[in-house]
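Note sheet for the following structure.
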Amino acid sequence: MPISQSSKPSFALRVLSFNSLFAALACIATILPNVVKAQKQPVDYVNAFIGTTNFGTTNPGAVCPNGLMSVVPFNVMGSANNKFDKDARWWSTPYEYHNVYFTGYSHVNLSGVGCPDLGSLLLMPTTGKLEVDYKAYGSPMTQQQASPGYYSNYLPRYDVRTEVTATPRTSMARFWFPKGKSNILLNLGEGLTNETGAMVRRVSDTEYEGVKLLGTFCYNPQAVFPIYFVMRVDTKPTAAGYWKKQRPMTGVEAEWDKDNGKYKLYTNYTKEIAGDDIGVYLNFDSHANEPVVVRMGISFVSMANARENLDAEQKGKDFDKIKEEARNAWNKDLSRIEVEGGTEDQQTVFYTALYHTLLHPNILQDVNGQYPTLETGEVKTMREGNRYTVFSLWDTYRNVHQLLTLVYPNRQRDMVRTMIDMYREHGWLPKWELYGRETYTMEGDPAIPVIVDTWLKGLRGYDINTAYEAMRKGATTPGPQNLLRPDNDDYLSLGYVPLREQYDNSVSHALEYYIADNALSRLAAALGKKADARLFHNRSLGYRHYYSKEYGTLRPILPNGKFYSPFNPKQGENFEPSPGFHEGNAWNYTFYVPHDVTGLAKLMGGQKPFVDKLQMVFDKELYDPANEPDIAYPHLFSYFKGEEWRTQKELHRLMAKYFKNAPDGIPGNDDTGTMSAWLVFNMMGFYPDCPGEPAYTLSSPVFNRVTIHLDKEQWGRNELVIEAKRQQPTDIFINGITLGNKPFKGYRVSHEELLKGGNITFELKGTPSR
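The opening position of the sequence shown corresponds to residue 1 in UniProt numbering, with each subsequent residue numbered one higher.
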């Protein structure tokens, strides 16, 4: 209804109304940032670029929590004119932050590892003339964006914007081409794996299926396995075909393709191709603002299963729907821990670390439940729960599985079930299992502390008697037929492993066995096996053989029983070979006796010499924050009354120095989430420094309040709350602790005590209590 002249507001009233409007807008502008901040969810804090340089070997690719599929920008193969001019197989990551030469998206990748493998099925968009040599078709990349379940970049060479997202077993790419001729390449020869063989078959104009060989992780020639795939495009290509890299011929002049040098092209009439260094090309007449969508399903069982995975997880869904589902899955998992207080950067670092701990292990079974068994070549079917793979146990036995047990117990239960099933299939517990193959990477018997820790904390739902049988087999079978402890003959007869070859890592091996035997002793006692408990406990104390009073460190022992000479405790500090020690030196290993800290102190002459020597490790920068053997060192101060403040000081110093909201924000290989789990625990104020013992050392939290939303059915309560009362952010020293609203004495708490209390409060101040 029109407003009459008489009903219109006066000029003065209108001015007043505009002034009121401006005031209201100003008020909204002031409030809005706080509202936006309040609405920020845990998933929004993740910076997927943290750890993508400085050898962190993480990547910003799209993946779902513990998903089988990951799709990652691949930029470690270069042009013929830069330093990456050979291939990518010396890289252990598909992505390095400072590299800019993009050669496609790799499918199924590892995060944070130190050896190359996987990173294959490279999908690359180009425009103009077809080129199939990666050294020629790669492009610089800019405008990178990443969030959990999503990644995007822009390729200025081709004026193409690319996006990828993922479901647990499939991926989707969306390529925004300019108007004109464009191409999509599927490179099956290149990648991080040493294997180049593959087969691919055209099913229809818009669908291809095939298989690619992967393997030789950490250069183990036995660990080779296939990955099956189905690729679909939503747009029919104008032409398509294959390529194969021709090898130089001996005695006869090679007949090269004139347009593509040493790459031979095969057009549409060829139905399939197999061999080394092959690929698929698809040509399109593109229209601006009309993307070409590529869908990929994978399986480690069959091409039929890869197709079934693709149909089941993407039917009726477009790119944005899949992206949304991935984001929601991540937010649900990350929201299991809520933090309050701290800085924006600290919350970002925390949630990114939690994100990294949920990348591995990965589900292995297809949507129909089928999976490849360990080392047998059989295919079995899961009827309940998930089958897992990628067990980097030398790393993750220290803290990742403890975090999963507490916060994601159903996942941890399935992982323990998987390990026990692997024993049934292969005859041994896993050591470093990868997609159905055992790589035997690193040392020790690391499945033992994982399973024992899980059981002693009260997480049930698996056959502990079969697990004990498997553990005992690994601990008592003589070598070298013992696949987990190949030098077990010496260990059983001498109580230690002598140095028989200069770089045989003998001390490192034995120290791992001591930790495993301590855990096994605890489980034996819990199961009423008293004789075994005594046996394995006594064996766990064999580290004493290695203690050298002359140097005050552990030291290799020769077969004649004498200490190795000449000996330099610092040899190996820069990852050069070190007699007796793997990836480190004597200082990185001397305090690596988490199950008998007070016993080690007695060897060193008591509390003061122990504490002084341990503090010297930090003061002289002998501590290595990037490798596992010494990452629990800061917590050892808390075993001695009056020295607990050193734990709090060193932890806060280390966290601030080595973990940042930046691409170099992890001090080295994340090791499938191990370094990140170290950070998650310590930012919350407690840490499981002795694997196999259901207890934590307490320190001071970074945040003012942490709420862990628990599985009530498993733990009997809905949440565990950790609070820190401080006057200043720099107040990091503990002045008092209450657990369950009652004063708590000591700095070590059992898993049961912590959960029973339900809330733990730290009174903090700016100066230490000595």
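A virtual CB, placed ideally from N, CA and C, is assigned to each residue, including glycine.
If you're wondering where the values come from, they're calculated on a predicted model, not measured in any experiment.
{"Query": "Can you check DSSP and say which residues form a bridge with His709?", "Result": "Glu719"}
{"Query": "Which whole-angstrom value is the C-beta distance of Phe319 and Val292, which I expect to be below 8 Å?", "Result": "At roughly 11 Å, the Cβ-Cβ gap does not stay under 8 Å, so Phe319 and Val292 are not in contact."}
{"Query": "Apart from the five residues just before and just after Leu16, which ones in its own chain have a Cβ nearer than 7 Å to its Cβ?", "Result": "With a pLDDT of 35 at Leu16, under the threshold of 50, the modelled position of this residue cannot be trusted; read the value that follows with caution. Result list for Leu16: empty, nothing under 7 Å."}
{"Query": "What whole-angstrom Cβ distance do Ile420 and Tyr388 have, given they're in contact under 8 Å?", "Result": "Their Cβ separation, rounded to whole angstroms, is 12 Å, which puts Ile420 and Tyr388 out of contact at 8 Å."}
{"Query": "Quick check on the burial criterion: 16 or more other C-beta atoms within 10 angstroms. Buried or exposed for Asp612?", "Result": "exposed"}
{"Query": "Determine the closest residue to Arg169 out of Thr103, Asn305, Gln222 and Ser92, with distance taken between C-alpha atoms.", "Result": "Asn305"}
{"Query": "Measure the beta-carbon distance from Met69 to Phe102 and round it to whole angstroms, keeping in mind my assumption that it falls under 8 Å.", "Result": "Met69 to Phe102, Cβ: 20 Å. No contact."}
{"Query": "Please classify Thr235: does DSSP put it in a helix, a strand, or coil?", "Result": "coil"}
{"Query": "Out of Thr352, Lys725 and Val339, point me to the one whose CA is closest to Val706's CA.", "Result": "Val339"}
{"Query": "Report the partner residues of Arg201 according to the DSSP bridge assignment.", "Result": "Glu209 and Glu272"}
{"Query": "Specify the secondary structure class of Glu96 as computed by DSSP and reduced to three states.", "Result": "coil"}
{"Query": "What are the start and end residues of each continuous beta strand (DSSP E) run of 3 or more residues lying completely inside the segment 562-590, in chain order?", "Result": "none"}
{"Query": "I'd like to check one pair, Pro556 with Tyr564: are the Cβ atoms closer than 9 Å?", "Result": "yes"}
{"Query": "Give the single residue among Gly642, Ser182, Gln143 and Val164 whose Cα lies nearest to the Cα of Lys129.", "Result": "Ser182"}
{"Query": "In terms of residue numbering, what span does the alpha helix (DSSP H) encompassing Ala312 cover?", "Result": "Met303 to Gln314"}
{"Query": "What would DSSP say about Lys742, mapped onto helix, strand or coil?", "Result": "strand"}
{"Query": "How many whole angstroms separate the CB atoms of His356 and Thr58, which I take to be in contact at a CB cut-off of 8 Å?", "Result": "6 Å"}
{"Query": "Specify, as a first and last residue, the run of the beta strand (DSSP E) that Asn153 falls within.", "Result": "Tyr150 to Leu155"}
{"Query": "Do Ile722 and Ile708 come within 9 Å of each other at the CB atom, strictly closer than that value?", "Result": "yes"}
{"Query": "What's the gap between the Cα of Ile760 and the Cα of Asn741?", "Result": "8 Å"}
{"Query": "Does the segment 368-381 come within contact of the segment 422-440, defined as at least 3 CB pairs closer than 8 Å?", "Result": "yes"}
{"Query": "Could you tell me if Pro569 is buried or exposed, where buried requires 16 or more neighbouring beta carbons within 10 angstroms of its beta carbon?", "Result": "buried"}
{"Query": "By the DSSP assignment, the alpha helix (DSSP H) with Arg544 in it spans what residues?", "Result": "Element bounds for Arg544: n/a, residue is neither H nor E."}
{"Query": "Might you give, ordered along the chain, the residues of its own chain that have their beta carbon closer than 8 Å to the beta carbon of Gln502, omitting 5 neighbours on each side?", "Result": "Pro577 and Pro579"}
{"Query": "For Phe681, which of helix, strand or coil comes out of DSSP?", "Result": "helix"}
{"Query": "Ordered along the chain, which non-local residues of its own chain (more than five positions away) have a Cβ less than 8 Å from that of Met655?", "Result": "Leu679, Asn682, Met683 and Val702"}
{"Query": "Specify, as a first and last residue, the run of the alpha helix (DSSP H) that Thr193 falls within.", "Result": "Per DSSP, Thr193 belongs to no alpha helix (DSSP H) and is neither H nor E."}
{"Query": "Quick one, which of Gln222, Pro178 and Thr738 has its alpha-carbon nearest Leu285's?", "Result": "Note that residue 285 is Asp in the sequence shown here, rather than Leu. It is Pro178 whose Cα lies nearest to the Cα of Asp285."}
{"Query": "If you draw a straight line from the C-alpha of Leu32 to the C-alpha of Ile448, how long is it?", "Result": "In this predicted model, Leu32 has a pLDDT of only 46, less than 50, meaning its place in the structure is not dependable; the value taken from the coordinates is given anyway. About 52 Å."}
{"Query": "Give the straight-line distance between the Cα atoms of Gly149 and Gly342, rounded to the nearest whole angstrom.", "Result": "26 Å"}
{"Query": "Excluding the five sequence neighbours on either side, which residues of its own chain have a C-beta within less than 8 Å of the C-beta of Asn368, listed in chain order?", "Result": "Asn305, Glu308 and Thr381"}
{"Query": "Helix, strand or coil: how does DSSP classify Tyr687 here?", "Result": "strand"}
{"Query": "Would you kindly check if the distance between the Cβ of Asp532 and the Cβ of Arg485 is under 9 Å?", "Result": "no"}
{"Query": "Closest to Pro200 by CA distance: which of Ile273, Leu282 and Leu358 is it?", "Result": "The amino acid at residue 200 is misidentified as Pro; the sequence shows Val. Comparing Cα-Cα distances from Val200 to each of Ile273, Leu282 and Leu358, the minimum goes to Ile273."}
{"Query": "Taking Cβ positions, are Asp517 and Glu693 nearer each other than 9 Å?", "Result": "no"}
{"Query": "Along the chain, where does the alpha helix (DSSP H) that runs through Ala662 open and close?", "Result": "No alpha helix (DSSP H) holds Ala662; DSSP gives it neither H nor E."}
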